[in-house]
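Going by my numbering, the first residue of the sequence shown is number 12, and it counts up by one from there. Idealized CB from N, CA, C, for every residue including glycine.
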Amino acid sequence: MPDELLQRLRRFHDDYFPGVQDRFQTLVQDGQHPSILFIGCSDSRLVPYLLTGTGPGEVFMVRNVGAFVPPHDGGKPGGQALAGFHGTAAAIEFAVLRLGVDRIIVCGHSHCGGIRALYEEPTPQAINLTAWLELGREAALPVQMTPEALRRTEQRSVVLQLERLMAYPMVRERVEAGRLVLHGWHYVIEDGEVHVFDVRSGNFVPASNAAHSGTGPFDSTPVDDGSRIFNEIDAAFGPVGCDGPDALVTASR
Ligand SMILES: [Zn+2]
């Protein structure tokens, strides 16, 4: 069997890399200074670099099934923060505290298998997956699984994860101080369009019609009132254009 992966590795090194070697060497000498943390679903059809037109050194990325954000306190209600094997939580802390990113994108997408699984029977052997999916549970609707229900659940989940993100102390502090902007995105694979969660309207707006890419009030003028952003995000997690707002509001409290 021909080893196609080996051929691809050689092609990268021999054909592509020479054209970008200077850029990578600079990134090694100067270190990485990405301004964006991208939390996206692992789905192979979601290609963040294509969506955002970014390249090496620009995006710190963490991906998982469903684009979920685990609770900062390790899931212990009212408990102290617990160290744990949460790769996504570690990436959030690293990106905010060490890299100092000024944007965090949570990006779900259409036809998400992780969201669909919320409506299906768990796979017995997949004990980690079953537990992980609970991070999206509160976004699920008490209805039959339909394309519309799935779409809405995907979008509700993005908002749910944003709110859980706000329970990370270092995220909350920076959002309140106007130093960090959150972006809630839902990517529609078949249309090639990102729908941006707009906290003011509580809806997801196609990027082609959106006034901004961020979730808070995100004007072209510099943000100077972080607490206003926080309050509006908080307020908007209720409506979200969905039913069952209480679940979203109480998700991480
Ligand atoms: Zn997915």
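Q: Give the secondary structure of Asn139 by DSSP, where H, G and I count as helix, E and B as strand, and everything else as coil.
A: helix
Q | Inter-residue spacing [alpha-carbon to alpha-carbon] between Ser238 and His97 | A | Caution is warranted here: a pLDDT of 43 is assigned to Ser238, below 50, making its placement in the model unreliable, and no coordinate value can be reported.
Q. Ile116: beta carbon under 8 Å from a heavy atom of ligand 1?
A. no
Q | Inter-residue Cα distance where the pair is Pro67 and Phe35 | A | 7 Å
(Q) Only counting the same chain, and skipping five residues up and downstream in sequence, which positions put a Cβ closer than 8 Å to that of Leu17? (A) none
Q.
Given 8 Å as the limit, tell me if Asp25 has its C-beta closer than that to any heavy atom belonging to ligand 1.
A. No; taking the cut-off as 8 Å, the Cβ of Asp25 has no heavy atom of ligand 1 nearer than that.
Q) At a cut-off of 8 Å, is Asp54 close to ligand 1 when judged by its beta-carbon and the heavy atoms of the ligand? A) yes
Q | According to DSSP, residues forming a beta bridge with Met72 | A | DSSP, once it has assigned bridges, lists Phe49 as partnering Met72.
Q: Answer with buried or exposed for Leu103, where buried requires no fewer than 16 other C-beta atoms within 10 angstroms of its C-beta.
A: The sequence shown places Ile at residue 103, not Leu. By the 10 Å Cβ count, Ile103 comes out buried.
Q: Work out the CA separation of Gly111 and Tyr60 for me, nearest whole Å.
A: 20 Å
Q | Option in Pro29, Gly203 and Glu132 with minimal Cα separation from Met156 | A | Nearest neighbour of Met156 by Cα position, chosen from Pro29, Gly203 and Glu132, turns out to be Glu132.
Q) Hey, Leu144 and Ala160 are a contact pair by Cβ (cut 8 Å); roughly how many whole angstroms apart? A) Not quite, the Cβ-Cβ distance comes to about 16 Å (not below 8 Å), so this is no contact.
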